[in-house]
Every structure is written in C-alpha cells, then in structure tokens.
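Novice:
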Amino acid sequence: MSIEDSGRETRSMLLNIGPSHPSMHGVIRLITELEGEKVIKVEAEIGYLHRAFEKSCENSTWTQAIPYTDRLNYVSPLINNFGYCEAVEKLLGIEATERCKYIRVLMSEISRITDHLTCIAASAMEMGALTAFLYLMKAREFLYEIIEEVTGARLTISYGRIGGAKGDISKETLDKLDKALIKVEKEMSEVDKLLTRNRIFYDRTRDVGSLTQEDALSYGITGPVARASGINYDVRKAFPYEVYDRMDFEVPLGERGDCYDRYLVRMEEMRQSLRIIRQARTEMPGGPINVDADGKAIPSFDMVDQAKLGRTADLLGAISKLEPTLEGMERPYQDRIMPKDRTVVLPNKADTYGNIEGLMNHFKLIMDYHGIRPPAGDVYHAVEGANGELGFYVVSNGSDRPYRVRVRPPCFFAMAGLHKMLEGYMVADIVPSFGSINMIAGELDR
Amino acid sequence: MQEKSGEGPGFFTSKLEHVIGWARSYSNFLYPFITACCGMEYMSVASGHYDIDRFGWGLTRFSPRQADVLLVVGTINHKIAPILRQVYDQMCEPKWVVAFGVCTCTGGFYDNYATVQGIDTIVPVDIYIPGCPPRPEAVLDGLMKLQAKIENQRQAL
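Sequence order for the protein chains is B and U. Each step along the first sequence adds one to the number in the numbering used here, with nothing skipped, and position 174 is 305. Each step along the second sequence adds one to the number in the numbering used here, with nothing skipped, and position 38 is 795.
1) How should residue 401 of chain B be labelled, buried or exposed, when 16 other C-beta atoms within 10 angstroms of its C-beta is the threshold for buried?
2) Hey, is residue 836 of chain U's beta-carbon within less than 8 angstroms of any beta-carbon in chain B?
3) Going along chain B, which residues have a C-beta under 7 angstroms from residue 798 of chain U?
4) At a Cβ threshold of 8 angstroms, is residue 202 of chain B touching chain U?
5) Check the Cβ-Cβ distances between residue 265 of chain B and every residue of chain U, and say whether any is below 8 angstroms.
6) Between residue 862 of chain U and chain B, is any beta-carbon pair separated by less than 8 angstroms?
7) My understanding is that residue 900 of chain U touches residue 883 of chain U, with C-beta atoms under 8 angstroms, so please give their C-beta distance in whole angstroms.
8) Helix, strand or coil: which one does DSSP assign to residue 893 of chain U?
9) Using the DSSP secondary-structure output, state which residues sit across from residue 790 of chain U in a beta bridge.
10) Grab the span of the alpha helix (DSSP H) containing residue 349 of chain B for me, first residue to last.
11) Under 8 angstroms between C-beta atoms, does residue 268 of chain B make it to chain U?
12) Could you run through the region 883-906 of chain U and flag, in chain order, every residue whose CB is less than 9 angstroms away from some CB of chain B?
13) So, is residue 819 of chain U buried or exposed, given that buried needs 16 or more other C-beta atoms within 10 angstroms?
14) Can you give me the C-alpha to C-alpha distance between residue 557 of chain B and residue 173 of chain B, rounded to a whole angstrom?
15) In whole angstroms, what separates the C-alpha of residue 760 of chain U from that of residue 851 of chain U?
16) Strictly below 8 angstroms CB to CB, what residues from chain B border residue 844 of chain U?
17) Name the DSSP bridge partner or partners of residue 557 of chain B?
18) Among all the DSSP beta bridges, which residues are the ones paired with residue 147 of chain B?
19) How far does the alpha helix (DSSP H) with residue 184 of chain B in it reach, from first residue to last?
20) Here's the rule: buried if 16 or more other CB atoms are within 10 angstroms of the residue's CB, otherwise exposed. What is residue 170 of chain B?
21) Is it buried or exposed for residue 488 of chain B, if we count other Cβ within 10 angstroms and need 16 for buried?
22) Note down, in chain order, each residue of its chain lying with its Cβ closer than 6 angstroms to the Cβ of residue 235 of chain B, except the 5 sequence neighbours on either side.
23) Within this structure, are the beta carbons of residue 187 of chain B and residue 834 of chain U separated by less than 8 angstroms?
24) Give me the Cβ distance between residue 287 of chain B and residue 541 of chain B, rounded to the nearest whole Å; I'm assuming they're in contact under 8 angstroms.
25) Counting only Cβ-Cβ distances shorter than 7 angstroms, please list the residues of the region 798-818 of chain U near chain B, keeping chain order.
26) List, in chain order, every chain B residue whose beta-carbon is nearer than 7 angstroms to that of residue 785 of chain U.
27) Check each candidate in B:240, B:547, B:221 and B:142 and name the one with the smallest Cα separation from residue 346 of chain B.
28) Return the bridge partner residues of residue 510 of chain B from the DSSP annotation.
29) Just the chain B side, please: which residues come within less than 7 angstroms of residue 790 of chain U by C-beta, in chain order?
30) Go through its chain and collect everything with a Cβ distance to residue 537 of chain B's Cβ below 7 angstroms, but skip five positions before and after it.
31) Applying the 10 Å Cβ sphere with the 16-neighbour rule, what's the burial state of residue 310 of chain B?
32) Sort out for me which residues DSSP pairs residue 855 of chain U with in a bridge.
33) Which runs of the alpha helix (DSSP H) at least 4 residues long sit entirely within the region 206-272 of chain B? Give them in chain order.
34) Taking residue 579 of chain B as the reference, which of B:549, B:505 and B:277 has the closest Cα?
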C-alpha cells in the first residue's frame with residue numbers, strides 16, 4: 132500500500148539548488164518541489180549575472196559595444212561579435228569583403244567547437260567522468276592557441292569590427308589550424324569511445340530530461356536542444372548569412388529529445404563544424420599573407436615609432452609584417468578584409484600617422500560625438516549561436532550611440548522551458564539535464 | 758609556552774609557525790565561486806595544459822565549510838553579493854580570498870548600476886589577479902604569491 136492510498140497526509144519538500152552550486156554552470160537558482168526523490172515542480176530564478184549589457188551599449192558608441200558582446204556567451208565569443216557587427220552592417224547597408232566573410236565563418240565554427248567541447252566536458256564531469264573533461268579541455272586548448280594567434284586573446288577577443296575584422300589570418304596560422312584540427316579530432320574520437328557506449332553514461336542520459344517537439348516549439352527553444360527534439364531549424368540553413376549557403380554541411384537531428392540525443396547532436400555538430408572549417412580554409416579567396424620582404428618590409432612597431440617622429444616619407448609604399456596586435460598596420464592586407472567605405476572603417480595606422488587625411492578619418496571615427504552614425508531605423512539579425520538562434524535587434528536614431536541593442540539569447544528560452552525537462556524525473560536527473568542545455572549565465576542575464 | 762624576557766616568540770614557537778606555514782601553503786583546498794567568463798580560464802588552469810595541481814592547488818571542494826581559499830571568479834552583481842558574503846562567512850578560519858579577474862578587483866568595465874565595484878567592498882581580499890580574463894600564467898603567478906603570503910604570515914594556532 133502506497134502512502135497516497137493510506138489516507139495519511141503527505142507533504143512535498145522544497146529544495147533550493149544554487150545559485151552557488153557546482154553543477155549550476157554560471158549562476159542560476161532552481162527552486163524544486165520534491166515528492167520523495169521525484170521532482171514535481173521546478174522554478175528557475177535568473178538574474179544573478181545581470182551586468183546591464185543593454186544599458187552599457189546605449190551609453191557607448193557603436194564600436195565600443197563590441198567588447199560587451201564578447202561577454203554574452205563567453206564560451207563562444209566570436210559568434211556574438213560577428214552577430215552584432217553584421218546587425219550594424221545591415222543597418223549601415225555595407226557588406227564585408229569576401230575574404231572577411233570566410234574568416235568570419237571559419238572563426239565562428241572554431242568558436243562553436245569550443246562551446247560544444249566545454250558543454251560536453253562540463254556535463255560529463257558532473258556525472259563523474261573527469262577523464263572526458265580533461266581530454267576535452269585539452270582539445271579546447273589547441274583551439275584557444277589558434278584563436279589567440281589570430282585575435283591576440285584567448286577568450287574575450289573583440290575580433291569583430293563593423294565592416295570587417297580586426298586582422299587577417301596568415302598562411303602560417305592556417306597551417307597550424309590544420310594540425311590543431313587533427314589533434315582536436317583525435318581527442319574527440321577518444322571521448323566518443325569513452326562516453327557514447329558507456330553503460331553508466333547511457334543509463335544516466337537516455338530518456339532523461341526529455342523535451343517533446345511541441346514543447347520545444349511552443350517555448351521558442353532553438354539550437355542543439357531543439358534539434359535533439361527533432362526540430363529541423365538551423366539559422367545557418369534557414370536564413371543563410373555570410374557564406375554559409377556555399378558550405379556543404381548537414382544539420383544533425385535527434386529523435387527523443389533526451390540528454391543522450393543532445394549529447395549526440397553536439398558531437399555531430401562538432402564534426403560538421405570541422406567540415407565547414409576545412410571548406411572555408413580551402414575556399415578562402417586571397418593569396419598568401421606574408422609576402423616577400425623585398426628589402427622593404429619593416430616591423431610594424433618600427434613603422435609606428437618612425438611615423439611618430441614624423442619620418443613618413445619612406446612609409447607610404449612600405450610593407451610591414453603582419454601583427455594581429457597592431458590593427459590596421461598592414462596596408463596591403465587591410466583592404467582584403469575591410470570594405471572601402473571610409474566612413475565606417477578605420478584607416479590603417481600608416482595613414483593615421485602619415486598624412487592629415489588619415490588622421491582626420493581616424494579622428495572622425497574615434498572621438499566622442501563623431502563616430503559611426505548609422506541611419507535611423509531598426510534591424511534584426513540572427514546568427515546561429517552555439518546554443519541556438521542568437522539575435523541582435525539594433526535600433527538607431529541617427530546618433531553615434533545605439534538607441535537600443537536588444538539581444539535574443541538562446542539560453543533564455545531554454546530556461547523558460549526548463550521545467551518541462553526536469554519535472555517528473557528524479558533529483559539526480561537534474562544535473563545531466565541541466566548540463567545538457569548548456570546554460571550560459573552571461574547571455575541569459577545579460 | 759611562557760617566555761622569560763617576554764620579547765617575541767621562543768625558538769620552538771617560531772619553528773612551529775614556520776612548519777605550519779609551509780604545510781598550509783602547499784595544501785590548499787579551493788572553493789571556486791564561479792559566476793562568469795573567468796570560469797572558462799579557471800577550467801583551463803585546472804586541467805591538463807596548465808595544471809594547477811603542480812602547485813598544490815589540486816583539490817577543489819564544492820563546500821565552503823571544507824575550503825581554505827575562496828576563489829571569486831567572475832562578475833559579482835548586487836543580487837549575488839549577499840550570497841558571496843554568506844559563503845565567505847561559512848568558511849572556517851584560517852581562510853584566504855583571491856579576486857580572480859578585473860570584475861572582482863574593481864568592477865572592470867562594468868561601471869554601471871548592476872555590478873559591485875570590487876569584491877573588497879564585501880569580503881577582505883588577499884590577492885588580486887587582474888585581467889579580463891587573466892591568462893592562466895597570471896593565475897598561477899597570483900596563486901604562487903598567495904602561497905608565499907600564507908607561508909610567511911603569522912599563523913593562527
């Protein structure tokens with residue numbers, strides 16, 4: 132005879148999980164109502180990482196908002212960067228160059244892999260698979276090295292620019308990327324062997340945290356979580372941006388929408404991302420970056436030093452070496468990744484220091500109350516973030532500062548539908564379910 | 758141990774203090790209070806490539822009651838500030854606090870209504886590691902500086 136039948140009064144128990152809990156990635160608080168070990172009600176409280184992203188953007192110029200976008204989804208900052216830049220470009224009516232588009236696709240996919248690696252690593256670790264965590268972190272480190280070489284930073288990169296990117300990718304870096312991808316693939320197959328057919332992992336994730344297709348649709352959930360439930364929606368396919376329409380890749384779909392399907396979808400997406408990176412790498416237009424020194428190549432810092440002293444006569448036709456930290460130094464290369472529109476794109480440093488037109492151009496873009504001024508209007512641009520549709524709704528009133536920068540964070544919708552994935556399961560199932568969603572507090576609370 | 762002259766500790770007490778300081782500096786239990794971006798770099802520091810374990814920081818405890826060092830990783834806003842204080846209060850003496858990342862040091866570039874401008878307004882901080890986020894090498898350097906501080910400070914017995 133169960134307790135319900137005995138006629139005795141039963142009371143549910145409230146259990147608070149988070150906000151400082153090892154399995155709450157970032158910070159979120161779950162207030163759960165339990166009956167025994169069964170979860171009957173879940174309420175998520177958010178806002179523990181509210182950093183006033185949108186307000187900060189309104190108080191900064193269009194360009195100054197870029198670093199704030201890095202810290203939205205800090206696991207894949209490059210995608211956020213490019214998403215914002217593309218939205219503003221749409222507003223301005225300019226288009227990045229062909230090569231820049233390929234660079235954006237390539238870097239976005241590297242970022243997507245790091246995000247999925249982190250998600251699988253963290254959720255595997257929470258289930259006790261520390262080995263998988265260490266292997267995947269190793270793989271992520273190989274990619275961080277490439278990102279650092281291209282952008283100058285490991286994590287918060289601020290690589291996107293309105294109208295282009297901060298610097299070009301050199302041929303040496305692309306060669307290193309090839310080697311890194313092979314190493315990443317090796318680690319991934321290692322983890323695949325460790326986890327995919329692992330009895331413990333399978334039992335803890337199969338038919339746990341299931342989300343039906345209807346629920347995913349009605350809560351507006353996108354990304355790997357929705358695709359695991361069988362919804363064939365990927366912004367890269369549905370509304371191709373940049374050069375995704377030229378890339379050959381598939382969108383993996385799950386059937387049951389449980390944690391195991393989400394894990395499989397993420398693994399397959401990483402393989403597809405590797406495919407895209409390789410295609411973008413081979414199809415990227417433009418020749419080698421580091422041309423022959425020709426006796427005229429001088430280190431870029433020397434160039435700046437000389438220009439500061441006014442010795443600019445020899446600098447006009449000079450070729451400097453590519454340095455990611457000195458943006459715009461590379462006169463022959465900059466035009467390949469930035470459009471010609473001088474009302475948006477900074478002149479290269481040789482011009483800034485070398486002639487009055489360059490200096491004025493720089494001044495008009497950098498100084499307060501000058502800056503980029505998109506025409507009044509609004510625009511919505513969505514990119515496929517690592518967790519789903521990442522949209523930027525940008526409003527301009529014609530001034531040098533955004534009137535509004537609204538973000539559509541993919542996590543927010545997943546958190547709204549979180550209770551559908553947790554209710555009816557055990558307390559212990561909260562950890563793998565929550566881990567498989569890959570909640571990122573930065574973009575959730577903004 | 759009673760001193761005759763009353764000036765400073767005796768031979769045994771100072772030696773004991775030295776030994777305890779040495780032992781404490783190499784056997785720290787960490788409590789990572791991870792909120793934001795810096796957590797990614799903490800993960801990098803903790804795993805294979807940079808390997809925090811080489812310096813005796815390997816054992817991560819997820820209960821403040823078992824931890825010696827509170828590692829505050831990431832932005833602290835006004836909503837989570839009381840929780841940070843509560844976690845700090847739950848830790849047993851002796852305890853140390855590391856401010857990991859510029860948001861915890863000064864608030865960083867989040868100079869707005871939501872963010873706490875430096876966690877030293879809430880809890881006492883021993884080591885500041887600036888950077889947004891700090892590189893793993895910077896983190897290791899900061900933690901080694903904390904080890905030196907622990908070793909040379911006056912030990913509460």
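A virtual CB, placed ideally from N, CA and C, is assigned to each residue, including glycine.
Specialist: A quick look at the data gives this:
1) For the purposes of this step, residue 401 of chain B is identified with residue 270 of the first sequence, where counting begins at 1. Burial check for residue 401 of chain B: the Cβ neighbour count within 10 Å reaches 16 or more, so the residue is buried.
2) Here residue 836 of chain U refers to the residue found at position 79 of the second sequence. Judged by the 8 angstroms Cβ criterion, residue 836 of chain U is in contact with chain B.
3) Position 41 of the second sequence, counted from the start, is the residue given in the question as residue 798 of chain U. Correct list: 286.
4) Here residue 202 of chain B corresponds to residue number 71 of the first sequence, with the count starting at 1. When Cβ-Cβ separations below 8 angstroms define contact, residue 202 of chain B makes contact with chain U.
5) Here residue 265 of chain B corresponds to residue number 134 of the first sequence, with the count starting at 1. Yes, because at least one Cβ of chain U sits closer than 8 angstroms to the Cβ of residue 265 of chain B.
6) Taking the second sequence and counting its residues from 1, one reaches residue 862 of chain U at position 105. Any Cβ of chain B closer than 8 angstroms to the Cβ of residue 862 of chain U would place that residue at the interface, and such an atom is absent.
7) Taking the second sequence and counting its residues from 1, one reaches residue 900 of chain U at position 143. Taking the second sequence and counting its residues from 1, one reaches residue 883 of chain U at position 126. At roughly 11 angstroms, the Cβ-Cβ gap does not stay under 8 angstroms, so residue 900 of chain U and residue 883 of chain U are not in contact.
8) Position 136 of the second sequence, counting from 1, holds the residue named residue 893 of chain U. Reduced to three states, the DSSP call for residue 893 of chain U is helix.
9) Start at 1 with the first residue of the second sequence, and residue 790 of chain U comes out as number 33. Partner(s): U:829.
10) The sequence position of residue 349 of chain B within the first sequence is 218, counting from 1. Here the alpha helix (DSSP H) through residue 349 of chain B covers 344-349.
11) Counting from 1 along the first sequence, the entry for residue 268 of chain B is found at position 137. Judged by the 8 angstroms Cβ criterion, residue 268 of chain B is in contact with chain U.
12) Going along the region 883-906 of chain U in chain order, one finds 889, 890, 892 and 893 with a Cβ nearer than 9 angstroms to chain B.
13) Within the second sequence, residue 819 of chain U is the residue found at index 62, counting from 1. Burial call: exposed.
14) Sequence index remark: in the first sequence, residue 557 of chain B carries index 426 (1-based). Sequence index remark: in the first sequence, residue 173 of chain B carries index 42 (1-based). So the alpha carbons of these two residues sit roughly 12 angstroms apart.
15) Indexing the second sequence from 1 puts residue 760 of chain U at position 3. Indexing the second sequence from 1 puts residue 851 of chain U at position 94. Its pLDDT being 44, under 50, residue 760 of chain U is placed unreliably by the model, and the measurement read from it follows with that caveat. Whole-angstrom Cα-Cα distance: 26 angstroms.
16) In the second sequence, counting from the first residue as 1, residue 844 of chain U sits at position 87. By Cβ distance, chain B contributes 151.
17) As a first step, residue 557 of chain B must be located in the first sequence, where it is residue number 426. BP columns for residue 557 of chain B point to B:169.
18) Residue numbering aside, residue 147 of chain B sits at position 16 when the first sequence is read from its first letter. DSSP, once it has assigned bridges, lists B:162 as partnering residue 147 of chain B.
19) Reading the first sequence from its first residue, position 53 is the one you call residue 184 of chain B. For residue 184 of chain B, the enclosing alpha helix (DSSP H) has its first and last residue at 184-189.
20) Locating residue 170 of chain B in the first sequence gives position 39, where the first residue counts as 1. Classified as buried, residue 170 of chain B has 16 or more neighbouring CB atoms from the shown chains inside 10 Å of its CB.
21) The count along the first sequence starts at 1 and reaches residue 488 of chain B at position 357. Residue 488 of chain B is exposed by the Cβ-count criterion.
22) Translated into positions along the first sequence, residue 235 of chain B becomes position 104. Same-chain partners within the cutoff: 213 and 373.
23) Position 56 of the first sequence holds residue 187 of chain B. Position 77 of the second sequence holds residue 834 of chain U. Taking 8 angstroms as the Cβ cut-off, residue 187 of chain B and residue 834 of chain U do not qualify as a contacting pair.
24) Counting from 1 along the first sequence, the entry for residue 287 of chain B is found at position 156. Counting from 1 along the first sequence, the entry for residue 541 of chain B is found at position 410. The beta-carbon distance between residue 287 of chain B and residue 541 of chain B, rounded to whole angstroms, is 20 angstroms. This is too long to meet the 8 angstroms contact definition.
25) Under the 7 angstroms Cβ criterion, the region 798-818 of chain U contributes 798, 800, 801, 804, 805 and 806.
26) Numbered from its first residue, the second sequence carries residue 785 of chain U at position 28. Per Cβ cutoff of 7 angstroms: no residues; residue 785 of chain U is ~18 angstroms from chain B at best.
27) Counting from one through the first sequence, the residue named residue 346 of chain B turns up at place 215. For the set B:240, B:547, B:221 and B:142, the Cα lying nearest the Cα of residue 346 of chain B is the one of B:547.
28) In the first sequence, residue 510 of chain B corresponds to position 379, counting from 1. Beta-bridge pairing links residue 510 of chain B to B:525.
29) In the second sequence, counting from the first residue as 1, residue 790 of chain U sits at position 33. Residues of chain B passing the Cβ test: 151.
30) Start at 1 with the first residue of the first sequence, and residue 537 of chain B comes out as number 406. 185 and 524.
31) In the first sequence, the residue the question calls residue 310 of chain B occupies position 179. Exposed, by the Cβ-count rule.
32) Residue numbering aside, residue 855 of chain U sits at position 98 when the second sequence is read from its first letter. DSSP output for residue 855 of chain U lists U:828 and U:884 as bridge partner(s).
33) Whole alpha helix (DSSP H) segments, 4+ residues: 208-223 and 229-257.
34) Nothing can be reported for residue 579 of chain B, as the shown portion of chain B is limited to 132 through 577.
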